[in-house]
Every structure is written in C-alpha cells, then in structure tokens.
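Here our numbering is used: position 31 in the sequence shown is 1092, and no number is missing along the way.
Here a beta-carbon is modelled for each residue, glycine too, at the ideal position from N, C-alpha and C.
Just so it is clear, the structure is predicted and the values come from calculations on it, not from any experiment.
Below: one structure, written as structure tokens.
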Amino acid sequence: MDDRGQVSLEYLAILALAIAIAAVAVLLLADLFNIKDGLKQNVQLLRKDLVG
C-alpha cells in the first residue's frame, strides 16, 4: 500500500456502488409489494363483479 489515499478512494467508490445497488434492490422490492397489492385489489374487484 504505497498510496493510502488511493486505496481509500477505491474502497469509497466500491462502498458507493454497493450502496447504490442496495438502494435499487430496496426500490424494486417496494415496487413488487405495490404490484402485489394492486393485483390483490384487481382479483377482489373481479370476484365482486362475477358474484354480484
């Protein structure tokens, strides 16, 4: 480790990339739950229309 500043910047860049990937994963999971809730509501409306 000749240049500690360079190593730190590399680790900082890797950490920033990991945080960005984690943020995208969280957003995708949140969107997946919203899609699931929307599908559940559509199924309930369809059942209501078919029965009533």
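What does a CB cutoff of less than 7 Å around Ala1083 pick up in its chain, not counting 5 residues either side in sequence?
For Ala1083, where only same-chain residues beyond five positions count, there are no Cβ hits under 7 Å.
Rounded to whole angstroms, what is the Cα-Cα separation between Ile1080 and Leu1073?
Near 10 Å, if we compare the C-alpha coordinates of Leu1073 and Ile1080.
May I have the straight-line CA-CA distance separating Val1112 from Val1104, to the nearest angstrom?
Rounded to the nearest angstrom, the two C-alpha atoms are 12 Å apart.
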